[in-house]
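Keeping their order, the protein sequence lines are chains F, R, S, Y, Z and B.
Each number in the numbering used here corresponds to the 1-based position in the first sequence with 48 added.
Each number in the numbering used here corresponds to the 1-based position in the second sequence with 48 added.
Each number in the numbering used here corresponds to the 1-based position in the third sequence with 48 added.
Each number in the numbering used here corresponds to the 1-based position in the fourth sequence with 48 added.
Each number in the numbering used here corresponds to the 1-based position in the fifth sequence with 48 added.
Each number in the numbering used here corresponds to the 1-based position in the sixth sequence with 48 added.
All C-beta atoms, glycine included, are put in the ideal place defined by N, C-alpha and C.
Protein chains: 6
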Amino acid sequence: MADDSESAGARAERRARFQPASGMVTPRFSGLASFMRLPVLDPAEAVGEGAGEGAGLVEIGLIGIPFDGTTTNRPGARLGPRAVREASTGTRALNHATGVAPYALAACADLGDVPINPVDAAETAQRIEAFYRPLAEAGIVPLTVGGDHFITYPVLRALGAARPLGLIHIDAHSDTDDAQYGGSRLTHGTPFRRAVEAGLLDPRRCIQIGIRGSMDAADERDWALAQGMRILTMEEVCARGLPEVAAEARAVVGEGPTYLSFDIDALDPAFAPGTGTPEIGGFTTREALHLLRALRGLDLVGADVVEVAPPLDSAGITALAGAGIAFEILCLLAERVAARG
Amino acid sequence: MADDSESAGARAERRARFQPASGMVTPRFSGLASFMRLPVLDPAEAVGEGAGEGAGLVEIGLIGIPFDGTTTNRPGARLGPRAVREASTGTRALNHATGVAPYALAACADLGDVPINPVDAAETAQRIEAFYRPLAEAGIVPLTVGGDHFITYPVLRALGAARPLGLIHIDAHSDTDDAQYGGSRLTHGTPFRRAVEAGLLDPRRCIQIGIRGSMDAADERDWALAQGMRILTMEEVCARGLPEVAAEARAVVGEGPTYLSFDIDALDPAFAPGTGTPEIGGFTTREALHLLRALRGLDLVGADVVEVAPPLDSAGITALAGAGIAFEILCLLAERVAARG
Amino acid sequence: MADDSESAGARAERRARFQPASGMVTPRFSGLASFMRLPVLDPAEAVGEGAGEGAGLVEIGLIGIPFDGTTTNRPGARLGPRAVREASTGTRALNHATGVAPYALAACADLGDVPINPVDAAETAQRIEAFYRPLAEAGIVPLTVGGDHFITYPVLRALGAARPLGLIHIDAHSDTDDAQYGGSRLTHGTPFRRAVEAGLLDPRRCIQIGIRGSMDAADERDWALAQGMRILTMEEVCARGLPEVAAEARAVVGEGPTYLSFDIDALDPAFAPGTGTPEIGGFTTREALHLLRALRGLDLVGADVVEVAPPLDSAGITALAGAGIAFEILCLLAERVAARG
Amino acid sequence: MADDSESAGARAERRARFQPASGMVTPRFSGLASFMRLPVLDPAEAVGEGAGEGAGLVEIGLIGIPFDGTTTNRPGARLGPRAVREASTGTRALNHATGVAPYALAACADLGDVPINPVDAAETAQRIEAFYRPLAEAGIVPLTVGGDHFITYPVLRALGAARPLGLIHIDAHSDTDDAQYGGSRLTHGTPFRRAVEAGLLDPRRCIQIGIRGSMDAADERDWALAQGMRILTMEEVCARGLPEVAAEARAVVGEGPTYLSFDIDALDPAFAPGTGTPEIGGFTTREALHLLRALRGLDLVGADVVEVAPPLDSAGITALAGAGIAFEILCLLAERVAARG
Amino acid sequence: MADDSESAGARAERRARFQPASGMVTPRFSGLASFMRLPVLDPAEAVGEGAGEGAGLVEIGLIGIPFDGTTTNRPGARLGPRAVREASTGTRALNHATGVAPYALAACADLGDVPINPVDAAETAQRIEAFYRPLAEAGIVPLTVGGDHFITYPVLRALGAARPLGLIHIDAHSDTDDAQYGGSRLTHGTPFRRAVEAGLLDPRRCIQIGIRGSMDAADERDWALAQGMRILTMEEVCARGLPEVAAEARAVVGEGPTYLSFDIDALDPAFAPGTGTPEIGGFTTREALHLLRALRGLDLVGADVVEVAPPLDSAGITALAGAGIAFEILCLLAERVAARG
Amino acid sequence: MADDSESAGARAERRARFQPASGMVTPRFSGLASFMRLPVLDPAEAVGEGAGEGAGLVEIGLIGIPFDGTTTNRPGARLGPRAVREASTGTRALNHATGVAPYALAACADLGDVPINPVDAAETAQRIEAFYRPLAEAGIVPLTVGGDHFITYPVLRALGAARPLGLIHIDAHSDTDDAQYGGSRLTHGTPFRRAVEAGLLDPRRCIQIGIRGSMDAADERDWALAQGMRILTMEEVCARGLPEVAAEARAVVGEGPTYLSFDIDALDPAFAPGTGTPEIGGFTTREALHLLRALRGLDLVGADVVEVAPPLDSAGITALAGAGIAFEILCLLAERVAARG
């Protein structure tokens with residue numbers, strides 16, 4: 049994708065091919081629901097098998113990982129990708145707030161779901177990593193919809209293999225536990241500890257925003273701080289205001305390659321009831337959108353929206369929020385792709 | 049109604065007749081649910097058939113239009129009037145915030161539903177117009193509960209026939225499309241374009257507040273701006289603050305006759321999940337109430353609350369919000385009626 | 049399709065191509081939801097454009113018609129196809145009760161949704177007819193998921209154009225009204241009257257099963273009886289028993305080409321709450337399955353399952369019932385296709 | 049009502065005045081929801097104040113009693129009348145199964161709700177009795193929608209004051225407890241014991257049908273049997289079949305004046321989840337309808353449908369069942385009224 | 049428990065200690081919800097640590113296993129035990145249909161939940177087995193509430209260790225798969241294959257009742273039949289009737305020790321929507337109760353009710369059905385305990 | 049409790065005994081749900097019967113009062129304690145925002161539910177008072193979960209008997225009515241009027257925060273003001289900001305003993321839909337938490353969270369909010385207990 053030799057015209061033509069179905073022609077409730085009503089593309093075709101590095105047919109791939117096998121509280125996030133796809137049919141081509149038209153900036157497609165094994169986390173981790181490595185090599189920026197938060201770890205194994213990444217992590221929980229239930233180290237409460245341990249993340253370039261509620265023990269937080277990670281609790285967010293929070297996030301991750309992970313439970317349960325471990329006192333969707341819009345221009349190499357659990361939702365508003373957040377992140381990614389050339 | 053020759057005493061007596069049933073005597077969950085537990089009045093009786101202009105028996109008429117036949121996304125708003133009636137039984141006689149006691153200021157009644165045809169939009173438009181014309185002639189100020197947003201257009205055909213009106217339009221969407229699905233011009237996405245084209249609205253006295261999300265194409269917005277309409281996106285609302293927004297709305301519509309249209313999807317889906325085309329990042333009910341209270345004193349000639357879709361709701365909070373918004377608007381209308389004398 | 053010159057081997061190969069994704073490999077909640085997890089095929093490709101009559105690439109096409117614009121009571125059936133697709137992911141390859149393996153008997157694919165216009169019934173009828181005519185010509189047997197019951201009429205315009213069809217119509221309502229709301233003749237209460245009037249159905253080969261509840265007027269029933277249609281009310285069904293009912297149905301339609309229309313409100317609201325006009329006292333799903341299984345061997349040229357309205361559903365059981373009924377019908381159609389050779 | 053001197057023509061004229069609004073003209077979801085879309089009539093007007101005995105303006109009165117203050121398990125039945133009114137808008141003029149057209153046989157009206165006191169059972173009992181006495185004197189047959197089952201006791205105080213009545217009581221529970229919580233004697237578990245003690249019911253003409261589940265103690269049952277009441281458990285109902293059950297019910301109550309009380313929890317929770325004390329293993333709606341239809345011709349002097357608790361319902365099917373049961377009972381009452389002449 | 053030397057008086061005293069809280073004294077919605085409102089007992093105390101074999105303090109232990117980590121479709125059954133406890137507060141002391149008073153026949157207690165590891169099936173299996181072995185040794189008959197169906201396998205490892213058991217398995221699915229997703233052998237689709245392979249069940253004394261729907265492949269069924277297991281599909285159940293089905297079940301298991309496993313998806317989705325893999329066309333609760341009551345007198349050594357998934361439920365009716373089924377099974381177990389002396 | 053003679057070591061030991069079950073060992077969805085997963089203690093044991101004043105075994109008691117018999121609008125709060133217990137299993141040991149570890153500061157236990165009589169408010173009031181008096185004498189600080197707001201009055205009869213208390217009352221409604229329905233003086237709309245009249249509260253040390261919506265009549269407010277109570281409407285709260293509101297609350301109650309009562313309808317319906325009388329325009333949970341945290345250091349002698357009505361909730365977010373609010377209040381109480389020494 050975006051190799052230097054491709055002419056601007058060819059690129060535009062390619063992008064024109066990957067446009068969402070228009071809601072003005074076919075209704076939004078019509079047809080199979082792909083992410084953002086985008087064309088569905090086989091991952092193998094997307095990476096342009098046999099072609100060289102950076103030769104992806106599309107520039108951004110939207111991917112579902114329907115796995116919740118490491119959820120320690122209420123399950124259901126395995127049903128997230130399908131529900132977010134459905135809700136995402138309400139998004140349109142042009143962002144009202146920022147003016148960004150993502151599909152004019154980058155060729156985007158729905159690459160389907162990773163073929164996970166719902167009863168085997170270790171095997172699933174391998175499958176996820178194997179799915180994302182070729183995408184990373186082809187230069188396709190992945191926007192993932194989970195699934196529980198565990199899935200971020202194997203995604204980072206693919207994206208951060210070459211060099212540690214920075215992280216903007218918006219969540220109610222730090223997810224930096226060491227182990228749960230007496231030794232289980234691969235759960236949705238541990239991905240960022242595992243990723244830091246494995247050198248996939250540079251902890252000094254990591255920031256967690258919106259942490260709140262109560263903790264079982266301080267270790268989860270203290271370990272992260274000891275690594276040099278920055279934690280902004282919800283209380284600090286409120287005290288300092290979103291502009292300052294965004295500025296600090298930008299300062300922490302700097303100009304290097306950065307991953308963005310959005311746990312839907314960062315939102316207040318009024319805005320996102322459908323998640324396994326809700327915590328009152330969270331973000332509104334309006335604040336979340338403002339925060340994301342303040343992150344324009346960062347070198348984002350991938351992102352995810354996780355922990356949407358449809359069976360726990362009411363009136364589909366959590367999936368709707370997940371889809372809206374995903375669209376806003378997609379605009380960030382598309383701008384970045386376009387900026388890269 | 050309110051003709052000059054009527055004595056203040058006669059007027060007070062008439063108003064005393066139209067009081068809501070007291071929740072201190074009969075419980076709020078008891079009996080058939082009329083709007084605000086007000087008396088139900090036949091429209092023909094309300095207009096005082098045979099009497100002269102401005103001879104309405106009541107001063108404000110609450111009316112349902114259970115039509116959603118032009119909904120382009122998820123339907124259900126046809127069930128809105130009944131659900132809002134039910135939820136409105138929780139409103140009482142005295143507004144805590146403003147001190148307004150609407151039923152002391154104006155004689156109000158539930159005039160029932162317009163007899164729509166659910167499978168014929170054109171015929172329904174005619175029936176709506178025919179229902180509202182006599183009310184307008186009798187000087188009865190209509191407060192309508194929809195139904196989808198299309199219904200505002202035929203209401204304006206009745207109210208704006210004499211002269212173009214100003215408009216305060218609170219909504220997530222501009223609803224100024226030209227046509228949908230290759231030529232359908234009467235949908236819930238087009239009422240304000242049709243009304244401007246028909247000279248029912250003065251576009252330079254029109255303001256839209258809360259527009260957000262994404263667009264299929266810029267035409268919807270650009271056309272409105274080209275007519276001279278003012279659009280305040282949600283982002284601008286947040287940046288400038290409600291007092292300034294209200295001030296601008298007042299400035300735009302001025303002292304002339306003005307219509308107020310409140311699409312429930314102006315609210316965030318956390319506050320109003322039960323609507324066909326929800327958009328995250330919207331108003332809280334508290335903000336909506338503050339905004340409405342800042343509009344006291346305008347020359348409002350009618351208003352509506354639309355797009356409450358009960359089958360999509362959860363726990364009835366959208367109908368509850370619709371009823372609360374309607375009560376707040378009713379206070380505005382009653383103050384205006386009383387001010388007119 | 050199935051032209052005589054095609055060898056049995058080629059046919060088997062073609063069928064092998066159109067198999068549902070296995071739930072033993074990829075989980076049922078994974079990926080985009082197509083009908084029965086079947087491959088998605090463009091209708092143009094399905095009919096084998098340019099090829100001669102009966103040259104369809106597949107033998108059975110599953111199609112969604114997301115239209116509910118003629119619903120006279122509670123809407124929502126436009127969302128039926130997507131919900132039934134989702135629920136149908138739970139069906140598997142081998143029918144436990146009958147031993148039928150439909151995908152071994154006939155090449156089946158999901159042909160997507162008809163591109164309807166949600167606000168224009170007449171135009172939608174034309175689009176539906178235009179979508180089905182090439183399928184009929186290519187010999188592809190359509191299994192449709194609605195949408196409201198109106199959609200059966202334009203489907204019959206395509207399928208019954210050559211000669212009148214017999215009809216097995218399982219429903220709580222006769223849907224043989226003449227007009228509603230003072231002249232509206234194209235509603236979900238009129239399709240079978242229109243189809244008989246247009247000569248698409250042979251009324252003496254039509255049987256309605258499960259009619260119950262109350263009527264506005266006897267005309268709806270008397271007209272049908274006057275045409276020679278057979279009506280079995282729910283009471284008669286109970287009194288005579290399912291074997292006798294099935295035998296009568298077989299006798300009425302005989303060996304000629306027959307259409308099967310299943311309105312989900314034939315089921316009791318306990319089994320199918322998510323429909324616009326539920327009537328208590330209906331079929332259980334077990335009875336419905338038994339009834340359908342007793343129809344093996346008829347010359348079915350098409351079928352539909354209509355009136356699944358997801359916003360009115362609870363726990364998704366109506367969509368689940370719709371999917372299960374559709375699978376059972378698919379088995380009937382596949383056996384017929386295989387029998388034809 | 050129905051005094052001998054009234055000519056048949058006058059009676060027909062009166063009945064013609066009280067017809068439900070036609071769903072063919074105005075949609076069923078339109079307007080305020082009265083029982084069966086019937087005209088609403090003030091009770092005082094209904095009884096024809098000042099006129100002599102049997103001088104009621106209507107022959108059957110549909111009445112809501114929104115009281116659940118004696119519920120010992122989960123509350124919510126106070127919201128039953130409004131929900132059943134809403135659901136009853138789906139009933140029409142002509143009974144498909146029996147051919148009965150109730151509004152042609154008897155003048156029927158919605159008489160509104162009894163003005164109960166939600167926090168005072170004793171006072172509420174007095175208000176109920178006071179509401180029903182004039183109706184009884186005017187010869188108006190009441191069809192009541194509760195409310196919890198307690199309300200049957202004060203209704204019987206009005207209807208059975210002149211002579212003890214027979215009783216057909218369809219329910220999962222006997223409701224013949226003596227007292228609960230150490231002395232509370234007026235609860236929804238005691239009405240039939242109170243009524244027998246007060247001589248309002250003749251226990252030897254009382255039959256309970258569908259009793260099931262488990263009991264706290266055998267006293268509840270043993271007391272009833274000792275009085276001579278007949279109890280048919282659900283197991284006996286299943287073993288003997290509905291025709292035999294109906295025959296026994298007819299034999300028990302004989303030709304004397306009889307009251308019919310239908311507790312919605314007689315239905316299985318699949319058919320009526322929205323009730324305070326559901327018991328699995330109950331009637332289907334189809335069985336309930338069959339049972340009721342087998343009771344034609346009895347001398348019914350009143351009836352009720354109780355314990356519909358909308359907040360506990362799903363998809364409104366309990367209210368729908370309540371409305372359907374009420375319609376079927378209304379047909380019984382109307383036939384009886386017509387037979388009386 | 050029930051060792052020969054214990055006097056009848058001592059036994060009665062012990063049983064008197066373990067009585068459910070009376071709903072006539074404290075309301076059913078009051079207090080922490082234990083199974084059947086029974087006393088909660090620590091498992092260590094229940095087995096009478098240090099005492100000899102058969103020395104359990106209680107005779108029947110109700111136990112929750114909140115594990116759904118091997119669910120291959122929709123999860124949520126981990127929340128089953130708590131929801132069934134809550135619903136079980138509606139059961140009372142005396143069975144209306146059979147006259148059995150279980151708490152007079154056997155000392156029963158709620159032994160709490162097995163301390164499972166939600167993210168590790170193998171470890172959980174060990175914990176379950178370790179929990180049940182001492183109970184089995186103490187002669188305490190376990191009645192388990194799951195959790196997904198996998199949990200039956202480790203329970204059988206404890207109960208069937210001494211000798212193979214017979215099995216009555218009521219379910220929509222055979223759960224005799226070999227492996228899923230390419231090698232996962234411990235899932236909720238495999239427990240009975242594992243148990244037969246391990247010699248915990250005698251396949252010739254196993255019967256599966258209610259199997260229906262569709263299969264991925266015939267192997268699941270053919271393997272079971274090859275072992276000598278009896279499978280009664282739902283179709284055979286309907287064709288032959290419940291009395292004959294029960295007779296065959298009794299014949300298959302004979303007089304030897306037998307385990308009873310009830311998967312809630314044996315019920316139709318109308319009766320039990322809240323389960324991960326619902327199949328239409330299932331049992332009613334009434335049929336299930338009848339079937340269970342026809343199993344009185346068998347040598348039941350344990351039983352379970354599994355796959356109640358509350359997040360997928362509506363109005364709690366699945367948990368209610370689970371509780372009612374559990375109560376009926378408890379009556380069977382209590383009769384057996386009493387018969388043993 | 050906490051008598052001077054107890055050594056710090058003994059106190060620490062006692063506190064160590066009363067720790068919540070760790071979610072890192074046993075999952076949060078496992079086992080019977082007690083408040084905050086704390087040990088359950090019999091009230092008699094808690095007060096240390098026979099011991100002297102202040103000799104309670106625990107320092108804070110969490111208690112449920114499942115009574116809603118005086119609810120004048122929609123009922124259901126009787127089911128609140130069980131739902132809040134369930135939701136409270138998500139709270140953990142260490143407060144993220146304040147750093148407070150309540151279980152290290154005070155010995156806390158779940159004391160079960162008051163044995164109320166659901167059909168008798170007067171008797172229930174006596175039982176509540178009788179339950180709380182020994183706790184008060186033993187120095188156990190009660191944190192109560194309702195139940196409707198009436199229950200605060202009998203609690204105050206126990207806690208305020210010795211001297212009038214101050215009050216911080218966070219609510220949408222003043223609950224200072226005199227009587228409802230013509231004379232009923234014990235309802236959930238009257239507790240604070242009764243408490244002031246009885247001298248249990250010092251009105252000049254009472255403040256109500258968040259009052260909003262509409263009133264039946266001004267008396268409710270005017271009476272409170274006339275007594276010297278301070279009322280901060282929601283509008284004033286918004287205008288002045290939370291820090292100023294908290295400061296005023298602190299000033300009003302001063303350093304004297306104070307009771308804290310939190311009606312869940314203080315929250316906006318988006319955050320707490322599950323309550324009987326919701327009012328739009330309320331607090332967010334974030335604001336509520338901030339407000340509570342600003343009340344650290346007051347001399348709180350008891351508190352309650354009332355009006356959580358689970359049947360009216362969606363996705364359990366109201367119970368979740370109730371549990372989160374209760375945890376935050378528990379932190380306040382624990383700090384106070386520890387400060388007292």
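Closer than 8 Å to chain F by CB, valine 132 of chain Z: Chain F, which has no Cβ nearer than 8 Å to the Cβ of valine 132 of chain Z, makes this no.
task: Report, in whole angstroms, the separation of the C-beta atoms of alanine 125 of chain R and alanine 369 of chain R, which I expect to be a contact under 8 Å.
output: At roughly 14 Å, the Cβ-Cβ gap does not stay under 8 Å, so alanine 125 of chain R and alanine 369 of chain R are not in contact.
query: Looking at chain F, which residues of the segment 253-286 of chain R have a Cβ within less than 9 Å of any of its Cβ atoms?
result: Those residues of the segment 253-286 of chain R that come within reach of chain F (Cβ to Cβ, closer than 9 Å) are Ile259, Arg260, Gly261, Ser262, Met263, Asp264, Ala265, Ala266, Arg269, Thr281, Met282, Glu283, Cys286.
task: Thinking leucine 215 of chain Y and serine 309 of chain Y are a contact (beta carbons under 8 Å), I'd like their distance in whole angstroms, please.
output: So it is a contact: roughly 7 Å between Cβ atoms.
message: Short of 9 Å Cβ to Cβ, which residues in the segment 310-329 of chain Y face chain Z?
response: Residues passing the 9 Å Cβ filter: Asp316, Pro317, Ala318, Phe319, Pro321, Gly322, Thr325, Pro326, Glu327, Ile328, Gly329.
- request: Assuming valine 293 of chain F contacts leucine 280 of chain F (C-beta within less than 8 Å), just tell me the rounded distance between them.
  value: The Cβ separation is near 6 Å, so the contact holds.
Expected contact under 8 Å - CB spacing of aspartate 226 of chain Y and valine 354 of chain Y to nearest Å: At roughly 20 Å, the Cβ-Cβ gap does not stay under 8 Å, so aspartate 226 of chain Y and valine 354 of chain Y are not in contact.
message: If the cut-off is 9 Å on Cβ atoms, which residues from the segment 329-342 of chain Z count as contacting chain F, listed in chain order?
response: Residues passing the 9 Å Cβ filter: none.
- prompt: Buried or exposed: where does serine 232 of chain Y fall if 16 or more other Cβ atoms within 10 Å of its Cβ makes it buried?
  reply: Per the 10 Å Cβ criterion, buried.
- request: Label glycine 247 of chain R either buried or exposed according to how many other C-beta atoms from any shown protein chain fall within 10 Å of its C-beta, with 16 as the threshold for buried.
  value: Glycine 247 of chain R should be labelled exposed.
- prompt: Does the beta-carbon of valine 132 of chain B have 16 or more other beta-carbons within 10 angstroms, so that it is buried, or is it exposed?
  reply: With a threshold of 16 other beta carbon atoms within 10 Å, valine 132 of chain B meets it and is buried.
query: the segment 343-360 of chain F: which residues have C-beta closer than 8 Å to a C-beta of chain B, in chain order?
result: The residues in question are Leu360.
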